[in-house]
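K.L.:
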Amino acid sequence: MSMTDTKSGGPKYVPKRNWWVTLAYLAVAGYVAYVLSLFDVSGERLAAGLGHGADFIARMIPPNFERYNLLIEGLLESLQIAVIATTAGVILSLPIGFLAARNLMPAWVTWPARAIIVACRSFHPVIVAILFVKAVGFGALAGTLALVVASIGFIAKLFAEAIEEISLKQIEAIRATGAPFASVITFGVLPQVMGRFIGFTSYQLDSNLRNSTMVGIVGAGGIGGTLFAAFQRFDYDFVAAILISIIAVIMVAEGINNVMRKLYR
Amino acid sequence: MNRNVSDPSAFLEKRTWNRFTPLERTSRFLFYFVTLAAIVVSLQTIEIIPEFLLDAPEQIADMFNRMWPPDASYYPSTIHEALMETIHIATVGTLLALILAIPVGVMVAENVTQNKFLNWFARLILVSSRSINSLVWALLFVAIVGPGPLAGALAIAFRSVGFIGKLFGEALEESHKGPIEALEATGAPWFSIMMMGYWPQVLPTFWSVALFRWDINLRESAVLGLVGAGGIGVALSTALELFYWDRVAMVLLSMLVVVALVELVVTQIRKRII
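Chains as they are written, first to last, in my numbering: chain A, 12 to 276; chain B, 11 to 284.
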């Protein structure tokens, strides 16, 4: 990428080559070539894939909305899972987030609370859903519990971080009046973090809605089970209908979220 | 009209100050109402079988009993290879996503591409990439290229394009105009403006977004195996289907270790380079 100006005959600018960066790019290229050979990617396989892909899309069109009863039932269950999981997750995250804030609590309280948060974050919701399916059986309850765990991992962490960033002046002012601890929380801490808290909640509702359409793949309720079954029976036109409905629901939810954010700005 | 003008409190007492307009108040009230109604309706209609719930503590105890001790011999025989495959899927998928995201990000940035149709088209690509879960992408690619890690890598790539492209496009839109105008004034061609004007400005954001997504992708690629797209999920679902809970525990443990290690590596890279 040297910039030359031959017309004016000025000195030619040639940037110095950074050999370490070049070497890094070469290493990455070598790694990709190695992995592709491992995945046994070849020209003919990709060509066959394109053929399959065309066939696949042809079978998806037109989307088949005939079994709309099944579709609506599954979507409603997904919505229920998302709403309940977000509500329960928020209610549980409030105390855990408080306990994990290092500027309000002593270290022996924050460590266990932080351990809970890390434990909730460490696995993908679908894997947590597998464990809950074993614990409480197939159905919406397992999915709800899995998403509650995911919500705690996310909201409690951000909530604790938000509390750690608050201004301490207002806390000191309230403490100086001799207010008890509960009043310090309600009048000093909460007003400073509530606005952000609503933002986290709406984000998590969005995320829970997306995941609630997926936990069904492992039998934890919602539209995911219907989707997976349709895939396995090669009902690709029904698959297309389900995917279109999921995307529509997610987009509507995103729109509602935007309205809500404006309302609470 | 014998109000005493020199006393302003006579006027001030009459004012009531409201934080919100009536419209804002009504819409807020409506919003609370709708939220509450949604929660109540969901709680009333969701299908929960009480016997299953009562049974839960017993079942959980049973699960942990079967999980302990984890079957360490499963690691060298199966997990190690699957774990490597998961890391490969996540890494190659992220690299492919980076390559795909650059043109889309350039197209979506309104200050770089001054064409409403192209902006809209790029935004459509980004939104559809993000709206479809990586598990669904995996299902689609398993149907197209057959089961295996290739489907997983493609699923990761197509899911990540939306994320990386969106943040890359936003970084482009926020870049300073000064260097760009200076380059334009020299009559530099488009490609030079991109490489010398925009690229150095968005470079840190680009790599930090890439690292962030790589971290997410490692967690996501762990579940792709459940739908047959390769990686550790295959080992997990085999163990689950055969009810080998000690093997399941071993898989989960190894996943935890990898996630922790990756978090460590990512924070170190972030500190040193970006």
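The beta carbon of each residue, even a glycine, is placed where N, CA and C say it ideally should be.
Values in this document were obtained by computation on a predicted structure and should not be read as measured data.
1) Between A:158, A:60, A:253 and A:53, which has its C-alpha nearest residue 231 of chain A's C-alpha?
2) So within the stretch 55 to 131 of chain A, which uninterrupted alpha helix (DSSP H) runs reach at least 4 residues, ignoring any that extend past its ends?
3) Which word fits residue 55 of chain B, buried or exposed, when buried means at least 16 other C-beta atoms lie within 10 angstroms of its C-beta?
4) Should residue 9 of chain B go down as buried or exposed, given a rule of 16 or more other Cβ atoms within 10 Å for buried?
5) Residue 249 of chain B lies in the alpha helix (DSSP H); which residues open and close that run?
6) Would you mind reading off the limits of the alpha helix (DSSP H) that contains residue 236 of chain B?
7) With burial defined as no fewer than 16 other Cβ atoms inside 10 Å of the residue's Cβ, what is the status of residue 124 of chain A: buried or exposed?
8) Going by the CB atoms, is the gap between residue 117 of chain B and residue 100 of chain B shorter than 8 Å?
9) In the DSSP assignment, find the alpha helix (DSSP H) that holds residue 60 of chain B and state where it starts and stops.
10) Is it right to say residue 208 of chain B is buried, meaning 16 or more other beta carbons lie within 10 angstroms of its own, or is it exposed?
11) Do you know how far the Cα of residue 149 of chain B is from the Cα of residue 239 of chain A?
12) As an exercise, report each continuous alpha helix (DSSP H) stretch of at least 4 residues that is fully enclosed by the stretch 102 to 189 of chain B, in chain order.
13) Looking only at C-alpha atoms, which of B:213, B:104, B:229 and B:72 sits nearest to residue 43 of chain A?
14) Flag this pair as yes or no: are the beta carbons of residue 4 of chain B and residue 172 of chain B separated by less than 8 Å?
15) Who are the Cβ neighbours of residue 249 of chain B in its own chain at under 7 Å, not counting the five residues just before and after it?
16) So, do the stretch 156 to 172 of chain A and the stretch 107 to 120 of chain A have three or more beta carbon pairs nearer to each other than 8 Å?
17) So for residue 51 of chain A, helix, strand or coil by DSSP?
18) Note down, in chain order, every chain A residue with its Cβ under 8 Å from the Cβ of residue 252 of chain B.
19) Enumerate, from N- to C-terminal direction, the unbroken alpha helix (DSSP H) stretches of 4 or more residues contained entirely within the stretch 210 to 247 of chain A.
20) Does DSSP classify residue 275 of chain A as helix, strand or coil?
21) For residue 45 of chain A and residue 96 of chain B, what's the separation of their Cα atoms in angstroms?
22) What does residue 28 of chain A touch in chain B if you count any residue whose Cβ is under 9 Å from its own?
23) Buried or exposed: residue 136 of chain A, going by 16 or more other Cβ atoms within 10 Å of its Cβ?
24) Could you tell me which chain A residues have their CB closer than 9 Å to the CB of residue 158 of chain B, listed as they occur along the chain?
25) Name the residues in the stretch 209 to 224 of chain A whose C-beta lies less than 9 Å from a C-beta of chain B; which are they?
26) Listed in chain order, which residues of the stretch 132 to 156 of chain A have Cβ atoms closer than 8 Å to some Cβ of chain B?
27) Determine the extent of the alpha helix (DSSP H) in which residue 255 of chain B is found, giving its start and end residues.
28) Using the C-alpha atoms, what's the distance from residue 66 of chain A back to residue 247 of chain A?
29) Got a sec: which bits of the stretch 51 to 76 of chain B sit with their beta carbon under 7 Å from any beta carbon on chain A, in order along the chain?
30) Is there a Cβ of chain A sitting closer than 8 Å to that of residue 41 of chain B, yes or no?
31) Check the C-beta distance from residue 177 of chain B over to residue 123 of chain B and give it rounded, since I have them as a contact under 8 Å.
32) Taking only three categories from DSSP, how would you classify residue 206 of chain A?
33) I need the straight-line Cα distance from residue 201 of chain B to residue 213 of chain B, nearest angstrom please.
34) Who are the neighbours of residue 95 of chain A on chain B, taking C-beta pairs under 9 Å?
35) What first and last residue would you give for the alpha helix (DSSP H) that runs through residue 165 of chain A?
36) Could you check which residue in B:33, B:255, B:35 and B:279 has the C-alpha nearest to that of residue 77 of chain B?
P.N.:
In short, the structure shows the following:
1) A:158
2) 79 to 111
3) exposed
4) Missing from the structure shown is residue 9 of chain B; chain B here goes from 11 to 284 and no further.
5) 242 to 251
6) Counting along the chain, residue 236 of chain B falls outside any alpha helix (DSSP H), and DSSP gives it neither H nor E.
7) buried
8) no
9) 60 to 77
10) buried
11) 8 Å
12) Listed in chain order, the alpha helix (DSSP H) elements of length 4 or more contained wholly in the stretch 102 to 189 of chain B are 126 to 141, 144 to 155 and 159 to 183.
13) B:104
14) One cannot answer for residue 4 of chain B here, as it falls past the ends of chain B, which runs 11 to 284.
15) Closer than 7 Å at Cβ, skipping near neighbours: 257, 258 and 261.
16) Segments in contact, yes.
17) coil
18) Within chain A, no residue comes near residue 252 of chain B; the closest Cβ sits about 14 Å away, beyond 8 Å.
19) As far as the stretch 210 to 247 of chain A is concerned, its whole alpha helix (DSSP H) runs of at least 4 residues are 234 to 243.
20) coil
21) 15 Å
22) Going along chain B, no residue has its Cβ under 9 Å from residue 28 of chain A, so there is no contact; the nearest lies around 14 Å.
23) buried
24) Simply 50 and 51.
25) 221, 222 and 224
26) 133, 134, 135, 137, 138, 141, 142, 145, 146, 147, 148, 150, 151, 152 and 155
27) Residues 255 to 282.
28) 10 Å
29) Contact annotation: in the stretch 51 to 76 of chain B, residues whose CB is within less than 7 Å of a CB in chain A are 52, 53, 55, 56, 57, 58, 59, 62, 63, 66, 69, 70 and 73.
30) yes
31) With 8 Å as the limit, residue 177 of chain B and residue 123 of chain B do not qualify as a contact, their Cβ atoms being about 17 Å apart.
32) helix
33) 16 Å
34) 49, 52, 53 and 56
35) Where residue 165 of chain A is concerned, there is no enclosing alpha helix (DSSP H), given that its DSSP letter is neither H nor E.
36) B:255
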